[in-house]
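Residue numbers (UniProt numbering), protein chains in the order written: chain A, 1 to 325; chain B, 1 to 687.
Quick notes on the structure that follows.
What follows is the structure in structure tokens.
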């Protein structure tokens with residue numbers, strides 16, 4: 001592990017300034033990913049700015065029934081918040097299906113959004129990886145890529161975004177609030193994740209020193225009937241092969257409104273806008289769901305070991321929508 | 001006072017473990033401790049052309065960097081021999097950093113020593129190694145044509161081929177024939193505690209704190225490699241955080257820690273990283289197995305052919321023996337078991353939980369299921385019809401619980417009345433299936449005489465010692481029970497000590513033989529001490545027991561008394577006091593029967609499973625596991641149940657998608673864990 005310094009400031013301005021000044025600094029929240037990556041030499045920060053003294057721990061009410069999740073609120077606390085469970089069940093379920101209880105007790109909401117990919121080639125520290133070492137190439141493209149993405153990939157990177165929470169957030173148009181040297185701003189969560197393209201090392205539109213302080217869940221009636229389904233090899237403590245966050249309203253046998261997002265298949269948490277467009281106004285039938293699922297996955301680009309994810313995603317989407325209707 | 005052997009006694013070391021008070025090898029506190037970090041080769045085959053050390057040597061806290069250019073040569077090359085033999089037991093017939101050759105990815109090419117673990121790891125990352133790479137083989141497919149049949153396996157202990165009768169003739173007369181073929185990915189043990197060694201020199205004497213399943217094996221191996229008298233090497237281990245076979249042999253890092261400590265003249269701790277756990281302590285080899293069964297209409301077998309092809313290292317003819325048990329469980333006149341090997345750029349593989357039998361029995365029992373289906377016979381019934389009355393030599397089984405295990409497990413599982421037709425049972429999106437398999441595992445008798453020592457103090461408290469080691473199986477607890485019963489003392493008056501080669505020796509705790517071997521020696525030591533004190537009492541004119549037949553004397557709570565007249569007796573302390581003895585001591589030993597003992601030596605069991613399959617999503621979930629086992633006398637049902645559950649879980653994980661894959665060039669030949677098991681459920685074994 002590279003030698004590093006550690007600071008624990010008591011106010012946000014100091015924390016932001018410390019990271020802004022030092023290109024090799026990073027914020028430290030729960031530390032459940034950061035410390036691992038430091039230990040295995042994939043992260044090489046020389047200053048950790050611990051933000052756990054900052055006041056972003058609470059879940060607060062927003063006008064219109066929405067909720068503001070403090071960036072430092074813990075996954076386990078948010079998952080079991082009665083308001084989250086009642087108004088955004090998919091968010092609660094996604095949190096509880098991620099990681100382990102011990103990790104959820106430590107890991108923060110802001111850190112969850114910023115977690116790094118689990119691609120073995122990224123994390124091994126020696127394989128070619130454009131995310132870790134821009135321009136080095138991608139060992140996963142022709143490697144052991146069973147867990148890798150089929151949507152949003154580029155020849156430079158096919159790593160799957162690992163977060164469950166983020167899938168539920170993109171389904172319900174959450175907004176990420178950041179502060180930084182230039183003041184504060186709000187970023188739609190879908191825009192918070194960048195496709196790898198030619199620069200997979202750049203994952204978020206954050207400037208140096210910018211810090212997530214909250215995630216807003218806008219109040220929406222449809223979210224109260226949402227669900228999150230995670231398909232994985234193992235029943236617990238495992239990343240998704242495919243996951244689906246969905247909510248559906250049906251009236252007179254016709255789909256009125258739908259929210260659909262996918263995990264486990266994309267290089268970013270994947271809002272299924274093609275499927276949503278197919279579904280609105282369509283009959284609420286298994287055939288419609290299957291057709292929408294096929295349409296969404298038609299852009300998939302598969303590799304040697306992950307072609308199964310396309311039919312698996314299609315079947316999971318159709319099953320989840322049918323159950324949600 | 002009723003016996004504690006056979007009781008569900010809680011672990012005596014449980015509180016220390018759950019409170020963190022238990023010290024593992026990586027937590028031993030020593031003055032001036034330095035830390036070693038291994039730099040592993042990043043190619044699978046070739047030579048080190050150049051090692052650039054400047055940046056590493058300049059890093060804060062770095063004390064030394066060892067490479068093949070400055071590491072002292074070992075005294076003698078290692079020769080692989082399984083640790084249960086009780087001799088030196090290097091994991092492979094190779095020691096790294098003796099020259100520039102690289103034979104497998106992860107092979108140590110440098111060791112950095114620094115004043116903290118983190119600084120050593122960081123400096124290791126600064127070592128730049130340039131290689132000349134040569135062609136490599138890391139999978140069977142890459143060198144299938146070079147497969148060969150070795151003469152022996154397992155350090156020369158086992159023949160690679162065993163046969164009796166004429167398998168071709170047996171297949172020719174069969175009414176039915178079943179052929180199965182399976183490929184198995186490599187597996188790594190990945191105990192929670194990665195292997196670690198702390199080495200401390202005192203002049204010419206070396207103390208090693210090692211996370212091992214065999215302190216004696218470590219002692220003998222390191223003494224051999226360093227050319228030292230065995231008496232100058234002491235190995236200590238108090239707690240080991242899981243082994244599963246990965247700590248059953250003495251791997252190169254152990255001796256490297258001792259060499260590094262001598263180099264820097266300070267104690268050195270070398271703890272493998274999780275990444276290095278894939279390249280440093282062996283693994284279960286990639287393999288393929290085929291089986292052909294010939295049977296008559298009534299299910300009896302006419303032929304059994306079981307072949308294994310597996311990948312081994314450049315140095316050793318090693319494979320987990322897979323056919324030794326499968327060719328014994330069922331009666332069959334014509335049997336053939338053959339192992340073939342392919343050499344590759346991997347380290348020598350090793351025992352992995354249920355070594356050999358786990359995979360071999362999977363193949364046999366799957367073939368038996370295919371046969372049962374083809375015959376239209378219930379799978380349990382087919383096993384009963386085929387089970388051998390004797391071993392292949394015609395010897396009776398030392399104990400044969402297979403039929404009883406099948407009956408008990410089937411009954412508790414609810415096997416009867418199931419609908420055996422595929423795809424007939426459903427639960428929502430899930431198809432439900434049930435299946436079963438017989439289990440068998442050899443009773444290993446390769447090991448030498450086992451020894452233990454028992455000492456009692458006049459106050460009635462005892463210490464019982466032997467050089468075994470606690471790696472989570474509960475041996476500390478169980479041996480306390482055994483010693484307490486043999487001495488006639490309550491458990492809390494007995495302290496069991498292990499994990500030190502200064503104590504009387506036992507073999508490595510491997511091959512599911514630890515409880516049997518160690519308990520025999522502990523019992524004999526403790527019983528010998530009791531007999532010594534009883535003899536003292538009956539010979540003592542001042543004792544109430546004077547003149548009594550020693551066989552009529554029993555001991556309870558430290559008090560010797562006549563069996564027939566409980567009021568007549570005295571305590572150990574009373575007789576010792578009259579003889580001015582502050583303590584008394586006895587050694588005990590046990591020598592296993594010779595391997596040609598005229599008995600069939602298998603332990604039997606049976607397992608049943610209920611499995612759910614979501615055919616649309618391709619998911620598999622094990623919903624129930626039930627097992628019944630006949631392991632002989634159960635010393636502690638709690639620890640025995642824990643062992644059986646662990647075995648069932650590993651057996652279940654084995655076919656369920658646990659695999660180590662090998663990457664391809666350009667970083668090729670480096671093992672990666674790339675998939676995991678299916679879901680946890682609630683196994684319900686019965687002991």
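Quick reminder that beta carbons are idealized off the backbone N, C-alpha and C, glycines included.
Sheet register partners of residue i (DSSP bridge)
{"i": "residue 129 of chain A", "result": "A:138"}
{"i": "residue 11 of chain B", "result": "BP columns for residue 11 of chain B are empty, so no partner."}
{"i": "residue 453 of chain B", "result": "B:465, B:587"}
{"i": "residue 114 of chain A", "result": "DSSP lists no partner for residue 114 of chain A."}
{"i": "residue 202 of chain B", "result": "B:205"}
{"i": "residue 317 of chain A", "result": "For residue 317 of chain A, which the question treats as bridged, DSSP gives no partner whatsoever."}
{"i": "residue 292 of chain B", "result": "B:179, B:305"}
Buried versus exposed call for residue i [16 or more other C-beta atoms within 10 Å across all chains shown]
{"i": "residue 336 of chain B", "result": "buried"}
{"i": "residue 102 of chain A", "result": "exposed"}
{"i": "residue 73 of chain B", "result": "exposed"}
{"i": "residue 453 of chain B", "result": "buried"}
{"i": "residue 296 of chain A", "result": "buried"}
{"i": "residue 81 of chain A", "result": "buried"}
{"i": "residue 189 of chain B", "result": "buried"}
{"i": "residue 76 of chain B", "result": "exposed"}
{"i": "residue 145 of chain A", "result": "buried"}
{"i": "residue 10 of chain A", "result": "exposed"}
{"i": "residue 136 of chain B", "result": "buried"}
Residue j beta carbon less than 8 Å from that of residue i
{"i": "residue 258 of chain B", "j": "residue 113 of chain B", "result": "no"}
{"i": "residue 5 of chain B", "j": "residue 481 of chain B", "result": "yes"}
{"i": "residue 334 of chain B", "j": "residue 165 of chain B", "result": "yes"}
{"i": "residue 307 of chain B", "j": "residue 23 of chain B", "result": "no"}
{"i": "residue 315 of chain A", "j": "residue 171 of chain A", "result": "no"}
{"i": "residue 467 of chain B", "j": "residue 442 of chain B", "result": "no"}
{"i": "residue 196 of chain B", "j": "residue 123 of chain B", "result": "no"}
{"i": "residue 526 of chain B", "j": "residue 472 of chain B", "result": "no"}
{"i": "residue 312 of chain B", "j": "residue 269 of chain B", "result": "no"}
{"i": "residue 88 of chain B", "j": "residue 248 of chain B", "result": "no"}
{"i": "residue 405 of chain B", "j": "residue 299 of chain B", "result": "no"}
{"i": "residue 622 of chain B", "j": "residue 613 of chain B", "result": "no"}
{"i": "residue 519 of chain B", "j": "residue 635 of chain B", "result": "yes"}
{"i": "residue 27 of chain A", "j": "residue 13 of chain A", "result": "no"}
{"i": "residue 67 of chain A", "j": "residue 83 of chain A", "result": "yes"}
{"i": "residue 398 of chain B", "j": "residue 103 of chain B", "result": "no"}
Proximity test, Cβ basis, 8 Å: residue i and chain B
{"i": "residue 3 of chain A", "result": "yes"}
{"i": "residue 231 of chain A", "result": "yes"}
{"i": "residue 314 of chain A", "result": "no"}
{"i": "residue 201 of chain A", "result": "no"}
{"i": "residue 40 of chain A", "result": "yes"}
{"i": "residue 144 of chain A", "result": "yes"}
{"i": "residue 222 of chain A", "result": "no"}
{"i": "residue 317 of chain A", "result": "no"}
{"i": "residue 93 of chain A", "result": "no"}
{"i": "residue 126 of chain A", "result": "yes"}
Minimum Cβ-Cβ distance from residue i to chain A less than 8 Å
{"i": "residue 122 of chain B", "result": "yes"}
{"i": "residue 275 of chain B", "result": "yes"}
{"i": "residue 616 of chain B", "result": "yes"}
{"i": "residue 354 of chain B", "result": "no"}
{"i": "residue 128 of chain B", "result": "no"}
Residue i Cβ short of 7 Å to the ligand ATP heavy atom set
{"i": "residue 220 of chain A", "result": "Absence of the ligand ATP is noted for the structure shown, with no ligands found whatsoever."}
- Please list the residues of the stretch 37–60 of chain B that have a C-beta atom closer than 9 Å to any C-beta atom in chain D, keeping them in chain order. This model lacks chain D altogether, as its protein chains are A and B.
- Which whole runs of the alpha helix (DSSP H) in the stretch 495–535 of chain B are 4 residues long or more, in chain order? none
- Message: In chain order, what are the residue ranges of uninterrupted alpha helix (DSSP H) at least 4 long that sit wholly in the stretch 87–151 of chain B?
- Response: 117–126
- Message: List, from N- to C-terminal side, the alpha helix (DSSP H) runs of 4 residues or more that fit wholly inside the stretch 263–300 of chain A.
- Response: 273–279, 286–297
- Query: Which parts of the stretch 163–234 of chain A are runs of the beta strand (DSSP E), unbroken and 3 residues or longer, counting only runs that do not cross its ends?
  - Reply: 175–180, 183–188, 211–217, 227–231
- Task: Scan the stretch 543–567 of chain B and note each continuous beta strand (DSSP E) run of 3 residues or more that stays entirely inside, going in chain order.
- Result: 553–556, 559–562
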